[in-house]
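Enquirer:
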Amino acid sequence: MAISTKPASGFRDFLPRETERRKRVFAIIEQVYQSYGFEPLETPALENLSTLLGKYGDEGDQLVFKVLQRGDKLSRALEKDSPSALDLSDMGLRYDLTVPLARIVAQYKNELPRYFKRYQIAPVWRADRPQKGRFREFYQCDVDVVGSTSMSVEAEVTAALAEVLRRLEFDNFRIHVNHRKLLTALMEHAGVTSNKHADALVAIDKLDKIGKAGVVAELGQRDIAPEAIANLLPLLEAVDQNKHESVDNEATLARLDSQIGHLESGRQALDDLRKLLAFAASGPAAPALFIDPYLARGLSYYTGPIFEIRSDDFAGSLGGGGRYDELVGMFTKETLPACGFSLGVERILVLMEERAMFQDEVSNVDVLVTLWNDEFTPNSFVLANELRAAGLRVDLYPDNDKYARQFKYADQRRISFVAILAPSELEEGVVAVKNMLSGDQERVARDQVSSWIHTQLEKNRACQ
RNA sequence: GUGGGUGUAGCUCAGUUGGUUAGAGCGCAGGUUUGUGGUACCUGAGGUCGCGGGUUCAAUUCCCGUCAUCCACCCCA
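As numbered in our numbering, residues 273 to 736 make up the first sequence, in order.
#1: Would residue 388 and residue 429 qualify as a contact pair, given that the criterion is a beta-carbon distance under 8 Å?
#2: Could you spell out where the alpha helix (DSSP H) holding residue 680 opens and where it closes?
#3: Which one or two residues does DSSP pair with residue 442 in a beta bridge?
#4: First and last residue of the beta strand (DSSP E) that includes residue 613?
#5: Ignore the nearest five residues each way along the sequence and tell me which others in residue 455's own chain have a CB closer than 7 Å to its CB.
#6: Rounded to whole angstroms, how far is the Cβ of residue 400 from the Cβ of residue 335, which I believe are closer than 8 Å?
#7: Below 8 Å on the Cβ atoms is my guess for residue 352 versus residue 362; work out the distance and round it to an integer in Å.
#8: Nearest to residue 566 by CA position, among 440, 459, 539, is which residue?
#9: Tell me whether residue 355 sits in a helix, a strand or coil according to DSSP, three-state version.
#10: Touching or not, the region 518 to 530 and the region 538 to 551, by the rule of three or more beta carbon pairs under 8 Å?
#11: Could you tell me which residues DSSP pairs with residue 641 in its beta bridges?
#12: Tell me which residues share the same chain as residue 425 and place their Cβ nearer than 6 Å to its Cβ, disregarding the 5 neighbours each side in the sequence.
#13: Which of the three DSSP states, helix, strand or coil, is assigned to residue 376?
#14: Report all residues from its chain with a CB closer than 6 Å to the CB of residue 512; omit the five preceding and five following residues, and keep chain order.
#15: Closest to residue 394 by CA distance: which of 287, 551, 298 is it?
#16: Residue 823: which of 371, 718, 666 sits nearest, CA to CA?
#17: When burial is assigned at 16 or more other CB atoms within 10 Å of the CB, is residue 609 buried or exposed?
#18: Work out the CA separation of residue 398 and residue 619 for me, nearest whole Å.
#19: Select from 702, 364, 589 the residue whose C-alpha is nearest the C-alpha of residue 744.
#20: Figure out for me which residue from 581, 329, 679, 699 has the closest Cα to the Cα of residue 707.
#21: Within 10 Å of its beta-carbon, does residue 532 have 16 or more other beta-carbons around it, so buried, or fewer, so exposed?
#22: Use the C-beta contact count for residue 542: other C-beta atoms within 10 angstroms, 16 or more gives buried, fewer gives exposed.
#23: On the premise that residue 449 lies in contact with residue 563, defined as a C-beta separation below 8 Å, what is that separation, rounded to the nearest angstrom?
#24: Specify the secondary structure class of residue 403 as computed by DSSP and reduced to three states.
#25: In three-state DSSP terms, what is residue 363?
#26: Hey, residue 408 and residue 282 are a contact pair by Cβ (cut 8 Å); roughly how many whole angstroms apart?
#27: At what residue ranges does the region 297 to 343 contain a whole run of the alpha helix (DSSP H), taking only runs of 4 or more?
#28: Can you say whether residue 616 is buried or exposed, counting buried as having 16 or more other CB atoms within 10 angstroms of its CB?
#29: Helix, strand or coil: which one does DSSP assign to residue 448?
#30: Indicate whether residue 698 and residue 641 have their beta-carbon atoms separated by less than 8 Å.
#31: Taking the continuous alpha helix (DSSP H) assigned at residue 474, which residues delimit it?
#32: Rank 595, 380, 284 by C-alpha distance to the C-alpha of residue 422 and give the top, closest one.
#33: What residues match up with residue 382 in a beta bridge as DSSP calls it?
#34: Three-state secondary structure (DSSP) at residue 583?
#35: Identify, in the order they occur along the chain, each residue of the same chain with its Cβ nearer than 6 Å to the Cβ of residue 300, setting aside the five sequence neighbours on each side.
#36: Compute the Euclidean distance between the alpha carbons of residue 342 and residue 332, then round it to the nearest angstrom.
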């Protein structure tokens with residue numbers, strides 16, 4: 273029986289062409305993040321389970337890929353009557369980039385600047401079922417600022433994000449913004465008991481997906497008290513109207529103010545959101561920011577403003593984030609405020625693929641040098657090395673195949689030029705160079721080959 | 001974890017109302033060209049019709065199970 277050669281479910285191989293596309297997108301993201309003053313960070317793929325668990329809520333903990341203990345520890349764990357997952361494993365693959373950042377900050381606080389602005393583009397792993405735009409191994413692109421409670425951070429982080437999307441030629445996206453404290457205030461105002469807040473929020477979060485009636489039904493299923501549901505109803509009214517065109521954040525805030533402005537948490541939340549809008553007003557995020565009082569996020573560590581990028585082109589979110597002022601405190605006594613955003617590159621790549629946004633495929637080799645026979649091959653090496661020294665990307669054909677095969681290979685790799693060197697060329701002091709795009713072939717003096725090819729490459733580039 | 005679709009050549013998919021040699025396009029290999037690819041023409045290689053069981057004289061086709069994959073839900077990037 274043959275061994276399956278497919279990658280494990282939810283994991284992917286990237287062949288060179290796709291790898292290059294991904295790298296190009298990552299490079300743009302990195303460039304934008306750097307332009308906002310963020311610095312790079314790398315952390316391990318594996319973390320201790322004590323670092324990972326208890327930060328993402330019950331569902332999140334379930335989705336952490338756990339790594340089996342090794343050696344004697346495993347044997348001892350297996351000897352227990354009914355060993356639990358925690359007995360059998362001690363480490364797990366990172367679930368996101370935010371918790372590792374919190375650990376880093378707690379560990380290296382004295383070595384980091386007063387405000388730590390870091391970006392990280394790296395894979396994370398989640399043990400859930402694959403779906404469109406959902407994988408078990410996928411890259412996240414995070415930007416976070418640690419050390420400040422100012423809404424200037426929220427403004428910077430959303431701006432960087434909007435700028436990335438703009439550079440990738442996405443325009444119809446919205447950055448939904450809400451506030452944990454606003455949600456708490458809404459719940460209190462409606463009389464939802466505190467143990468039911470999370471349940472109610474999950475239902476309300478689906479407003480734009482299943483509509484008001486759907487939300488009411490789901491609230492019922494989740495055992496929310498009928499009086500509380502009745503109280504929530506008027507709060508659900510307004511957003512339907514301003515959801516798409518003409519976003520009027522001021523009106524939304526004013527309406528919320530009249531409803532929950534008298535509550536302490538509500539007042540704080542509205543104050544934050546107003547500042548956020550004011551600080552972001554001049555930046556690239558401004559037109560995309562959308563105050564959405566029904567946005568809820570599952571991750572339990574958020575404490576202040578929360579974000580989610582949505583687009584009509586994709587069912588799920590394209591990214592999310594928020595403020596988590598207490599997370600660092602889970603690792604050390606002295607906590608530090610923080611806020612950040614995670615961009616869902618994989619989903620963006622899926623959309624870019626769908627929209628055929630990758631047109632400009634360029635070869636990664638400029639010239640293929642042909643072989644004649646073993647005796648003559650040293651001459652081909654000399655030529656290849658000359659061309660490389662002149663700054664060209666050169667591939668040397670490995671076997672003494674007939675030219676048809678050598679050309680076919682050049683074609684397959686989309687190599688722009690083939691440099692043919694055989695005894696007659698060597699004797700005349702020339703190289704026969706064929707332009708694979710036009711089919712033209714020219715005998716070029718040996719000492720001018722590299723500059724000739726450089727010139728032709730320029731021309732090709734100009735044509736595209 | 002729940003529900004649904006799909007599983008036939010390397011890839012994308014036809015097909016068989018159960019019947020004896022299972023097809024196409026693309027790709028691949030060889031040739032038409034005696035140093036030249038991509039276009040044209042010719043030839044060829046490749047399939048236990050996902051796996052296991054059942055019904056039947058007979059199963060790739062029907063039934064059950066299983067695995068894989070995709071989509072949706074939950075949740076999320």
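Even glycine gets a Cβ: it sits at the ideal position worked out from N, Cα and C.
Expert: In short:
#1: For the purposes of this step, residue 388 is taken as the residue at position 116 of the first sequence. For the purposes of this step, residue 429 is taken as the residue at position 157 of the first sequence. Cβ atoms of residue 388 and residue 429: not closer than 8 Å.
#2: Within the first sequence, numbered from 1, the residue matching residue 680 stands at position 408. 675 to 684 is the span of the alpha helix (DSSP H), which, as asked, contains residue 680.
#3: Here residue 442 refers to the residue found at position 170 of the first sequence. Partner(s): none; residue 442 has no beta bridge.
#4: Residue numbering aside, residue 613 sits at position 341 when the first sequence is read from its first letter. Residue 613 -> beta strand (DSSP E) spans 610 to 615.
#5: What you label residue 455 is simply residue 183 of the first sequence in a count that begins at 1. Correct list, in chain order: 473, 568.
#6: To locate residue 400, count along the first sequence from 1; it is residue 128. To locate residue 335, count along the first sequence from 1; it is residue 63. Going by Cβ atoms, the distance from residue 400 to residue 335 rounds to 5 Å, so yes, they are a contact pair.
#7: If you number the first sequence from 1, residue 352 lands on position 80. If you number the first sequence from 1, residue 362 lands on position 90. Incorrect: roughly 14 Å between the Cβ atoms, too far for contact.
#8: If you number the first sequence from 1, residue 566 lands on position 294. Checked all of 440, 459, 539; the closest Cα to residue 566 is 459.
#9: Translated into positions along the first sequence, residue 355 becomes position 83. DSSP places residue 355 in coil when its eight states are reduced to three.
#10: yes
#11: Counted from its first residue, the first sequence places residue 641 at position 369. In DSSP, residue 641 forms a bridge with 668, 691.
#12: Within the first sequence, numbered from 1, the residue matching residue 425 stands at position 153. Same-chain partners within the cutoff: 417, 611.
#13: In the first sequence, counting from the first residue as 1, residue 376 sits at position 104. Helix, per DSSP.
#14: Against the first sequence, residue 512 aligns to sequence position 240. For residue 512, the predicted structure reports a pLDDT of 47, less than 50, and the residue's modelled location is therefore unreliable. The matter cannot be settled from this model.
#15: By 1-based counting over the first sequence, the position of residue 394 is 122. Residue 298 is the option with its Cα nearest to residue 394.
#16: Any answer about residue 823 is impossible in this case: the structure gives the chain only from 273 up to 736.
#17: Residue mapping note: residue 609 aligns to position 337 of the first sequence, counting from 1. The residue in question, residue 609, is buried, as its Cβ has 16 or more Cβ neighbours within 10 Å.
#18: In the first sequence, counting from the first residue as 1, residue 619 sits at position 347. In the first sequence, counting from the first residue as 1, residue 398 sits at position 126. Roughly 15 Å between the two C-alpha positions.
#19: There is no way to answer for residue 744, as the model of the chain reaches only from 273 to 736.
#20: Taking the first sequence and counting its residues from 1, the one referred to as residue 707 is at position 435. Comparing Cα-Cα distances from residue 707 to each of 581, 329, 679, 699, the minimum goes to 679.
#21: On the first sequence, position 260 is the one that residue 532 refers to. Per the 10 Å Cβ criterion, buried.
#22: Translated into positions along the first sequence, residue 542 becomes position 270. With 16 or more other Cβ atoms within 10 Å, it is buried.
#23: Taking the first sequence and counting its residues from 1, the one referred to as residue 563 is at position 291. Taking the first sequence and counting its residues from 1, the one referred to as residue 449 is at position 177. The pair is a contact, with the Cβ atoms about 5 Å apart (cut-off 8 Å).
#24: Here residue 403 is taken as the residue at index 131 of the first sequence, counted from 1. Note: residue 403 maps to strand in three-state DSSP.
#25: Taking the first residue of the first sequence as position 1, residue 363 is located at position 91. Residue state, collapsed to three classes: strand.
#26: For the purposes of this step, residue 408 is identified with residue 136 of the first sequence, where counting begins at 1. For the purposes of this step, residue 282 is identified with residue 10 of the first sequence, where counting begins at 1. With 8 Å as the limit, residue 408 and residue 282 qualify as a contact, their Cβ atoms being about 3 Å apart.
#27: 321 to 324, 329 to 334
#28: Here residue 616 refers to the residue found at position 344 of the first sequence. Under this definition residue 616 is a buried residue.
#29: As a working note, residue 448 is residue 176 in the first sequence. DSSP places residue 448 in strand when its eight states are reduced to three.
#30: The count along the first sequence starts at 1 and reaches residue 698 at position 426. The count along the first sequence starts at 1 and reaches residue 641 at position 369. Contact: no.
#31: Residue 474 sits at position 202 when you count from the first residue of the first sequence. Start and end: 469 to 476.
#32: Stepping through the first sequence from its first residue, residue 422 is reached at position 150. Out of 595, 380, 284, 595 has the C-alpha closest to the C-alpha of residue 422.
#33: What you label residue 382 is simply residue 110 of the first sequence in a count that begins at 1. In the DSSP output, where bridge partners are listed per residue, residue 382 has none listed.
#34: Counted from its first residue, the first sequence places residue 583 at position 311. Note: residue 583 maps to strand in three-state DSSP.
#35: For this step, residue 300 is matched to residue 28 along the first sequence. Correct list, in chain order: 439.
#36: Locating residue 342 in the first sequence gives position 70, counting from the first residue. Locating residue 332 in the first sequence gives position 60, counting from the first residue. For residue 342 and residue 332, the distance between alpha carbons rounds to 24 Å.
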